[in-house]
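First residue of the sequence shown? That's 115 in this note's numbering, and the numbers climb one at a time after it.
Inspection log for the structure reproduced underneath, given as structure tokens.
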Amino acid sequence: MAKRKKKEKPGVPEWVVTFGDMMALLLVFFILLQMFSELKREHEYQRVITAVREAFGYSGGIGVLPIDDPPLKSIVETLEYMAQTNNEQTKISQNDAPGIDGPQMRVTKVREGIVFTLGGPAMFDEASAEINPNVRRELRRLATLLAGRNNKIVVRGHTAKKYLADDSPWDDLDQLSFYRARNVKDVLLELGLEDRVFRIEAVGTREPVRPRAVDEADRQENRRVEVILTEQLVEEMNTDWLGTDPDLARGG
């Protein structure tokens with residue numbers, strides 16, 4: 115008489131294997147997070163990213179069509195690199211005394227576009243709209259980044275909240291902020307940018323960086339000019355921005 119075969123006991127359920135794989139991946143993920151949290155400097159992070167790309171054989175993303183107008187993302191990356199470089203150079207010095215060079219170009223991305231803030235201890239003298247050599251140097255760098263773009267560029271002038279002297283050449287602080295913005299625009303025109311992309315705004319004391327500025331050091335930060343690279347193209351505002359339609363009115 116043949117012996118009955120014993121029934122095999124059920125093995126490990128399939129979901130256990132899947133669960134184990136998932137837990138292993140999560141463990142690796144948290145280890146990577148811990149490693150990245152220890153990277154305090156930008157260049158260390160970039161070294162890790164480069165090593166990962168080499169390990170996986172990554173050579174780039176999808177192809178793109180060449181266009182005349184450089185993408186907005188590329189200029190953002192360039193400016194972020196410039197800001198990071200400035201921060202690393204600032205950390206080298208242990209001297210708390212303000213430098214005589216003064217202007218520091220800050221870069222932020224806001225709803226209206228990218229804002230280049232030209233300001234600092236030596237940006238503008240009190241009640242003056244004159245562009246000094248330090249500001250010209252910053253504008254030269256800025257013009258290189260803005261060259262060839264068809265985006266509308268707003269130049270916005272600001273002043274510190276202080277009364278003008280009786281013998282001041284300005285009627286009011288709005289006029290002073292306007293001429294600060296116009297002088298910045300004129301320098302950018304000298305550096306090769308086109309006049310058609312610019313718009314000038316004068317806000318006077320209405321948008322201070324330090325609303326409660328009392329001493330001179332704080333007021334200096336409110337004396338500034340913002341150059342705003344908007345995401346709006348010039349042709350979106352003017353259907354005949356090249357001036358080829360004779361039926362449209364011309365002149366001032």
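Cβ atoms here follow ideal geometry from the backbone N, Cα and C, with glycine treated the same way.
Just so it is clear, the structure is predicted and the values come from calculations on it, not from any experiment.
- Segment contact: the segment 260-270 against the segment 278-286, fewer than three CB-CB distances shorter than 8 Å; contact not assigned.
- Around the Cβ of Glu340, a 10 Å sphere holds 16 or more other Cβ atoms; the residue is buried.
- Every unbroken stretch of the alpha helix (DSSP H) spanning 4 or more residues and falling wholly within the segment 265-323 is given here in chain order: 287-304.
- Membership of Val249 in the alpha helix (DSSP H) is indicated by the continuous run Pro247 to Leu260.
- Pairwise C-beta distances place the segment 313-321 out of contact with the segment 233-252, as fewer than three of them are shorter than 8 Å.
- If the five residues before and after Thr344 are omitted, its C-beta is found closer than 8 Å to the C-beta atoms of Glu226, Gly227, Asn265, Lys266, Ile267 and Val268, all from its own chain and listed in chain order.
- Note on geometry: alpha-carbon atoms of Gln334 and Phe312 lie some 25 Å from one another.
- Around the beta-carbon of Pro325, fewer than 16 other beta-carbon atoms lie within 10 Å, marking it exposed.
- In this structure, Val298 lies near Ile245, with their beta-carbon atoms less than 9 Å apart.
- Annotation for Val328: no beta strand (DSSP E) segment contains it, and DSSP assigns it neither H nor E.
- Bounds of the beta strand (DSSP E) holding Glu345 are Val339 to Leu347.
- Pairing Leu253 with Glu308, the inter-Cα distance amounts to about 15 Å.
- Sequence-distant partners of Asp288 (beyond 5 residues in either direction) whose C-beta falls short of 7 Å from its own C-beta, in its chain, are Ala316 and Gly318.
- For a cut-off of 8 Å, the C-beta gap from Arg337 to Ala274 is around 5 Å, short enough to register as a contact.
- With respect to the 9 Å criterion, Arg310 and Val348 are classified as neighbours on the basis of their beta carbons.
- A direct Cα-to-Cα measurement between Tyr277 and Asp329 gives close to 14 Å.
- In the assembly as shown, Ser151 is an exposed residue. Its beta-carbon has fewer than 16 other beta-carbons within 10 Å.
- Setting aside the 5 residues that flank it on each side, Asp286 is surrounded in the same chain by Leu278 and Gly318, each with a C-beta closer than 8 Å to its C-beta; the list follows chain order.
- Taking the Cβ atoms as the reference, Arg294 lies roughly 26 Å from Gly262, outside the contact range of under 8 Å.
- Taking the Cα of Arg255 as reference, the smallest distance to any Cα among Leu141, Gly306, Leu290 and Pro322 is reached at Gly306.
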